[in-house]
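A.B. asks:
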Amino acid sequence: MPAVARKIDIACSVAEAWEVLAAFEDISEWAENVSHSCLLSKQLEGVGTCRRIQTGNSAVTEHVTRWEDSRYLAYEIRGLPPVFKHVLNTWSLEPSRIGVQLTLTIEIIPIRRPATPIAGLACLAFGRINAGMLKDLKEFIENVKPLKKLEDQISLLKQKIIELESRNE
Numbered sequence: 020m021p022a023v024a025r026k027i028d029i030a031c032s033v034a035e036a037w038e039v040l041a042a043f044e045d046i047s048e049w050a051e052n053v054s055h056s057c058l059l060s061k062q063l064e065g066v067g068t069c070r071r072i073q074t075g076n077s078a079v080t081e082h083v084t085r086w087e088d089s090r091y092l093a094y095e096i097r098g099l100p101p102v103f104k105h106v107l108n109t110w111s112l113e114p115s116r117i118g119v120q121l122t123l124t125i126e127i128i129p130i131r132r133p134a135t136p137i138a139g140l141a142c143l144a145f146g147r148i149n150a151g152m153l154k155d156l157k158e159f160i161e162n163v164k165p166l167k168k169l170e171d172q173i174s175l176l177k178q179k180i181i182e183l184e185s186r187n188e
């Protein structure tokens, strides 16, 4: 079974990285290649959760097959060409020297043995996509998310100032 793994270290805690990954429906907030995402299941987390993602003109569904809090998140990607029997993306999180090391592995099982070279090429293509997603996640966690938190705090302070000023009038 062809597989390709990509890794990245992120300056955050395992819990902070997991919080972003566990918000399964929100992948479009941080993954540049995902233009839209939404849940298809009533379930928000755990095995069985399902989302639809759109990348450009293409859409696929992703069905969670493994969910171990702060350790693993795996999902089967459905809606790809029928030459693939099974396409699985697996995120793993481990503490690292600077915070957390994320590994994203794509595994593709072809429908028939003669399609194994095609699955290998597809793994390489998905590996490049996954490397981009890891970089996007790093950017989001290290830069965008803290900025959003600061903006929220500033907004809250502005509201409190307005309240205080209205009391003095």
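Counting in the working numbering, the sequence shown runs from 20 upward without gaps. Beta carbons: idealized from backbone N, C-alpha and C, even for Gly.
Suppose you measure from the CA of D155 to the CA of E184; what does that come to, to the nearest Å?
C.D. replies: Here residue 155 is taken as the residue at index 136 of the sequence shown, counted from 1. Here residue 184 is taken as the residue at index 165 of the sequence shown, counted from 1. Distance between the alpha carbons of D155 and E184: 41 angstroms.
A.B. asks: For the alpha helix (DSSP H) containing R147, list its first residue and its last residue.
C.D. replies: On the sequence shown, residue 147 is found 128 positions in, with the first residue counted as 1. Residues T135 to E158.
A.B. asks: As a quick exercise: from I72, E87, E188 and A141, pick the residue whose alpha carbon is nearest that of P100.
C.D. replies: Along the sequence shown, one-based indexing puts residue 100 at 81. Of the candidates I72, E87, E188 and A141, the one whose C-alpha sits nearest the C-alpha of P100 is A141.
A.B. asks: Alpha carbon to alpha carbon, what distance is there between V53 and I29?
C.D. replies: By one-based count along the sequence shown, residue 29 stands at place 10. By one-based count along the sequence shown, residue 53 stands at place 34. Going by the C-alpha atoms only, they are around 21 angstroms apart.
A.B. asks: Based on the DSSP output, what are the partners of T80 in its beta bridges?
C.D. replies: As a working mapping, residue 80 is identified with position 61 in the sequence shown. DSSP, once it has assigned bridges, lists R71 and R97 as partnering T80.
A.B. asks: Could you tell me the alpha carbon to alpha carbon distance between K179 and D88, rounded to whole angstroms?
C.D. replies: What you label residue 179 is simply residue 160 of the sequence shown in a count that begins at 1. What you label residue 88 is simply residue 69 of the sequence shown in a count that begins at 1. Answer to the nearest angstrom: the Cα atoms are 36 angstroms apart.
A.B. asks: For I117, I'd like the list of residues in its chain whose CB is within less than 7 angstroms of its CB, leaving aside the five on either flank, ordered along the chain.
C.D. replies: Sequence index remark: in the sequence shown, residue 117 carries index 98 (1-based). Around I117: D28 and A30.
A.B. asks: To the nearest angstrom, how far is the alpha carbon of A144 from that of E35?
C.D. replies: The sequence position of residue 144 within the sequence shown is 125, counting from 1. The sequence position of residue 35 within the sequence shown is 16, counting from 1. Whole-angstrom Cα-Cα distance: 28 angstroms.
A.B. asks: If you draw a straight line from the C-alpha of S115 to the C-alpha of T122, how long is it?
C.D. replies: The residue given as residue 115 occupies position 96 in the sequence shown. The residue given as residue 122 occupies position 103 in the sequence shown. C-alpha separation (whole angstroms): 12 angstroms.
A.B. asks: Please classify I181 as buried or exposed, where buried requires at least 16 neighbouring CB atoms within 10 angstroms.
C.D. replies: The residue given as residue 181 occupies position 162 in the sequence shown. Exposed.
A.B. asks: By the 10 Å Cβ neighbour count, where 16 or more other Cβ atoms means buried, how is S174 classified, buried or exposed?
C.D. replies: Residue mapping note: residue 174 aligns to position 155 of the sequence shown, counting from 1. Label assigned to S174: exposed.
A.B. asks: Identify the continuous alpha helix (DSSP H) that holds L40 and give its terminal residues.
C.D. replies: Position 21 of the sequence shown, counted from the first residue, corresponds to residue 40. Residues V33 to A41.
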